[in-house]
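Numbering (the UniProt record's numbering), first residue to last: 1 to 1170.
What follows is a single structure, written as C-alpha cells, with notes after it.
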C-alpha cells in the first residue's frame, strides 16, 4: 500500500474490489448453510420437540465442540479482538487464563446439576430450585440479553462486507438474517450444529490465510513482533490493582472468569448444546475442547491485531479515514494483502459471515426453546401438539430475527463492538449468574431472596452499564490507546487529531462509571448474591417457611455436606421436600405449572389457599403488556432527558412554564388519584357503603375556593416552589417550615403510593410485594430524573389513558357476569350499601354529611391548594386563565374516577355477596379486592389482567414521579438557595436528580412500615392530613388574615403539626391494635365452594378503650390541624400591634379591596385631623 498515491477517498474505492469470484465463494457458503437446513428440516425431518431443540440428545462430542466455538466467537471476536490489540496492546490476551478457570468451575459445579435434571431450558432449574417467578425472571433476562446481543452479531459481518464491497450495512443485514432464519427454523439444532461445523472450518481457514499472507507481505514474524514491541503493544501483565484501569491481570483473570461463566455456564445458547450430548462425560469433554478451540482462535485474532499494526505502523487508517470504523481494520487488512488474489477476500468474508450466522442461528434456536418452555407451557392449560409447538418455535425464530435487523440502527451509534458486547451482556447476565449461583451453592437462599437479589442486581447494572455507555458515546470517557502515526502515508487525507496518551474522564462523570468493563459481570453477580442472601436471612428471621432444596439441585461438592430433612414428618414444608427431590429423578417436562381451573376447585372442594393460587395465572402476554407500559415510560424519560434535553432548571422543574392545558389536566388527575384511589375506593364502598362518594361535594367547594383565592396569588407571583410565598408573606422561617411539612408529607405518602400497585401485583401473580416496589421505584426514578416535569406530565397522559381503560374493562365484563346493572344495585341495596351519609353531629361516625362536605373540603385544600406536587403543574401553565380551566378539568377527572372506582366496589360485592373473600382469606388484604375481581372476571382473557395491573401501576408511577419531581424543586428552592452559594447549571442538575434517587430509595424501605397498617385510603388521608392540615392553616392565615405575623404563624403551625400528628398517630395505633372498628356493612360466607378457616371477629367496646378525640373520623383530621394552627396563631398575635404587609398581592383578591379601601379611609381621617 505504500506505493499508492491520490486522495484517501479514491484509495478507499480502490480497496473495495470484491470480484465475481469472491461473490461466488460468499454465496456458496450461504447456499451450503441453507442446504443443511433443508436437509435436516425436510429430508431428516425433526419428529419431536426434543429433536428440534436438543438434537434428540444423541449428538457427537466433536461437532458439538466445534459448534460451541463457532457460535460463541461470532464476528464480534473475529473483528473486535484484532482491533483491541491494535488500539490497546496485548494485555487483553491474558483473558485466556480466565477461559481455562471457567472450564474447571463449570465442569465441576454447574454442568453436573443441569445435566442430571435432563432439562430443555436451563431456566427450568430455577422453577425446580426456587419457583416459577424466578424461572420467568431468568428467561426474561436471557431474552433481553439476546435482543441486545444479536443486533451486534448481525452488524459485525455487515461492517466487514461494507469495507470490502461498499454495499450499505442495512442492505446486507436483512440478507444475513433471512438465510439464518430459514435454516434455523427449518432444521432445528441438528442444522445449527452441522452448519457450525462447516462455518468454523471457513472461519479458521479465513484467519489462517490472512495471518500467513499478511506476515509474508510485512517481511516475516520478526518484523511483526519488532514493530509492535517498539510501539509498546507487546506487554507483560499489568499488576495494577486499580479497578479504573481498563485491563489488568486482575480484571482479566478474576473479572474475565466470571464473565466467561455467565457466557458459558448459565447461558441457554451454550447449555442447550451440552445437554444434547448423551453422557455427562461427553459434555465435560465438550467444555474442554471448547476452551482449546476458543483459545486457538483467540491466538489467531490477537496475532492479526499485531499484523494490522505491523502493516499500517506508519500510516494509521483510522486517522486518515481509510477505515471509517475501528472494527473495519481487519477487513481493510484483508483487502490490502488478499485483494489481488481472486476468491480469497470472499473466503475471509465467508468466514466472518459464518461466525455471525453460527451465533445468530444458535441464539434463535435457544430463544425458541425458552419461549416454548418458559413463556408458553407454564401459563397455558392446553398442551400443544408437536405441529403446534413446531409452529410456535419457528414463529419465534422469524420474529426475533426481524427485530434484530431493525436494532442494527442503534448498534451503529455505539462504541467498539468488543467492549460494547461485554458491557451489555454483563448488565443482564451478571445478575442471572448470581441467581443460578445462589441456587447451586447457597441452599439457605429462598425464592424471594433470589428474586429480589436478581432484580436488585439488574437495576444496579442497568444504571451502571447504560450510563457508562452513554458517557462513552458522548465522549466523556475516552480511554488511552497506543501510539498511532501517519508520518509515512503516501496519499492525501484530512488530518484527524487522535492522540490520547492517558485516559480522559470528564469531571462530570461519576467515578463509578470509570470502573473497567471487565468487572461488570462480577459486580452484577455480587450485588444479586448479597441482596439475595440478606433478604433470605430476614425472611428466615421473620419465620417465613423455606422449602429445603433436594441435594441434586446443589453442586456435587455440597451434596455430601448438606443434611437432608428427616422423614417421615407432619411438617408440610419438610414433606414438600420429597416432591422437590422427586424432580431429580424424573424428566422436568412432567413438572406441572398449570393453573387450577374453576371446575376443579368446586369438584374437589379445595382449600382457599389452592383457590388463591389458581387465580394467580398472570400469563406471558400480561407480562408483555405490563413491561411495555414500563418501557414506554422509560422511553419518554430518555426522550426528554436526551433528545429534547432540558436546558435549564425551569425546564426541568416547571416545563419552561409553557405546558399545554390538556396534558396538565391529565397529569393532575393521574398523579393525584394514584393506585390508592383505584384500590382504596372500591374497598371503601365494599365495606362501608356509598357515603364516601359524597366527598365530591368537598372537591367542588375546594375547586371554587382555590380558583378565586389561592391560585390568582400564587400564579401572579411566578413562583417555582409554592413555599416561596411563605417567605414573601412572613419570613424565611415559615418558608422552611412549609417545605419541611411538605417533605414529611411526601415521606409518609409516597411509600403508600408504591405499596398499592405491589399489592395488586401480588394478588394476580404471587410476586413478593417488596420485589415489585423496587421495580416501580427504579423505573420511576429513571424517567423522572432524566426528563423532569415534561416527562412526568406526558407519562401521566399515557398512564391516565391506561388507568381509565383498565377500570372500564373491569366494569363492563364484571357487570355482564353479575347479571347487569340492575342486579349489581339490587344486591348492594339489600345490604344497605347504597346510602346517603347520615345527618349527625357525632364526629366519631366515619362518614356523615358534614364530614364528607366540610371535612373533605379542608382535606382537598390541604392536598391541592397548598401541595407543591399539584401547584407545580398549575404554575407550569403560561396563563392564569388556563390554570383556572385546569382546576375544573381536574375536578371533572376526579369525579369520573371516584364514580367508576365506587361502582367497582359495588360490583365486587355483587360478585362475592354469597362468599366474602375477606372473611374466607381469599384476599389476604382488604385492598386486594379489586385485583381479585379482575383475575376472577378477566383472568381467562390473555392480556386483560396485564392491562389492569398496568393501569394500577400507571396511577402509582404517575403519583410517585410527581412527588419526586416536586421534592426536587423544594430541596433546591427552599433548602439550598436561601442558605448556600449559587450552583452552576450542572451542579443544579446533579442535585435535583440526586434528590429524586435518594427519596425513591427511602420510600422503598418505608413500604415495610406501611404493610403493617390499615386500609390504604384511610391511612393516606390520615397521614397526609397530619402534615397538610397545619400547612393549609399557615397559608389560610397568609391569604385571609393580614394582621398575622411570622412568629404567630410559626407558633400556630408547630403546635398544629404536633397536635395533628399526635391525633393521627394515636388513631392509627388504635386501628393497628384492633381497638377501633368502624361499623361495617354485612358480609356472608355461607355459600363458599372452597374450604377455609373461620375468622372470629372480636367486637371491641371502643368507648371504654380509646379516648373520644382519637375516635373522631379521619375525614376531620385536616380540618383539625388547620383550625388548631389558626386558633393558636390568633391567640399569640392577640396582644401585638397589627401590621399589614405592604405587598397587597399576597392577599386574596377581596382582602386586597378591603385593605385598599381601609387605606383610603385612614388617609381621609388623617386629612380631617390636620
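Backbone N, C-alpha and C fix where the C-beta goes; we use that ideal spot for every residue, glycine too.
Residue 409 counts as exposed, since fewer than 16 other C-beta atoms from the protein chains shown sit within 10 angstroms of its C-beta. Its Cα nearest to that of residue 1048, the residue 730 stands out among 730, 721 and 86. Bounds of the alpha helix (DSSP H) holding residue 331 are 329-338. In the structure shown, the three-state DSSP call for residue 478 is strand. The beta carbon of residue 487 sits closer than 7 Å to those of 314, all from its chain and outside the five residues before and after it, given in chain order. Judged by beta-carbon spacing, residue 815 lies beyond the 9 Å limit of residue 900, meaning their Cβ atoms are not closer than that value. For residue 877, the three-state secondary structure derived from DSSP is strand. Inclusion of residue 484 and residue 328 in the CB contact set at 9 Å is not warranted, their separation being larger than that value. Around residue 838, the same chain offers 848 as residues with beta carbons nearer than 6 Å, after the five sequence neighbours per side are excluded. Of the candidates 85, 125 and 266, 266 places its Cα closest to the Cα of residue 145. Cβ-Cβ distances below 8 Å link residue 461 to 426, 427, 428, 430, 431, 520, 523, 524 and 527 in the same chain, with the five nearest sequence neighbours on each side left out; the list follows chain order. Where residue 529 is concerned, the enclosing alpha helix (DSSP H) starts and stops at 520-541.
Within the same chain, Cβ atoms closer than 6 Å to the Cβ of residue 855 are found at 1115, 1116 and 1119, the five residues on either side in sequence being excluded.
Here the stretch 287-305 does not lie against the stretch 125-141, with fewer than 3 beta-carbon pairs under 8 Å apart.
DSSP, reduced to helix, strand and coil, places residue 442 outside both helices and strands of the structure shown, so it counts as coil. Classified as buried, residue 738 has 16 or more neighbouring CB atoms from the shown chains inside 10 Å of its CB. For residue 162, the closest of 346, 276, 270 and 94 by C-alpha to C-alpha distance is 346. Contact between the stretch 928-938 and the stretch 710-721 is absent: fewer than three C-beta pairs spanning the two stretches fall below 8 Å. The beta carbons of residue 1004 and residue 754 sit about 7 Å from each other, so the pair counts as a contact at 8 Å. For residue 698, the enclosing alpha helix (DSSP H) begins and ends at 696-705. Under the three-state reduction of DSSP output, residue 236 falls in the coil class, being neither helix nor strand.
DSSP places residue 394 within a helical segment (H, G or I) once states are collapsed to three. Setting aside the 5 residues that flank it on each side, residue 937 is surrounded in the same chain by 810, 813, 814, 817 and 911, each with a C-beta closer than 8 Å to its C-beta; the list follows chain order.
Per the coordinates, the alpha-carbon of residue 331 lies some 21 Å from the alpha-carbon of residue 492. Cβ-Cβ separation between residue 974 and residue 735: approximately 6 Å, consistent with a contact (criterion under 8 Å). Here residue 122 is buried. Its C-beta has 16 or more other C-beta atoms within 10 Å.
Using a 10 angstroms sphere on the CB of residue 757, the tally of other CB atoms reaches 16 or more, which defines it as buried. If the five residues before and after residue 257 are omitted, its C-beta is found closer than 7 Å to the C-beta atoms of 98, 101 and 102, all from its own chain and listed in chain order. Residue 343 holds the alpha-carbon nearest to the alpha-carbon of residue 27 among 244, 113, 343 and 894. Cβ contact annotation for residue 442 (same chain, cutoff 7 Å, sequence separation greater than five): 533, in chain order. Note on geometry: alpha-carbon atoms of residue 474 and residue 468 lie some 10 Å from one another.
DSSP places residue 825 in the uninterrupted alpha helix (DSSP H) bounded by 821-830. Only residues of its own chain outside the window of five on either side were considered, and among them 309, 313, 482 and 483 have a CB closer than 8 Å to the CB of residue 231, listed in chain order. By the C-beta density criterion, residue 716 is exposed, having fewer than 16 other C-beta atoms within 10 angstroms. With a 10 Å radius around the Cβ and a threshold of 16 neighbouring Cβ atoms, residue 979 comes out exposed.
Less than 9 Å separates the beta-carbon of residue 353 from that of residue 157.
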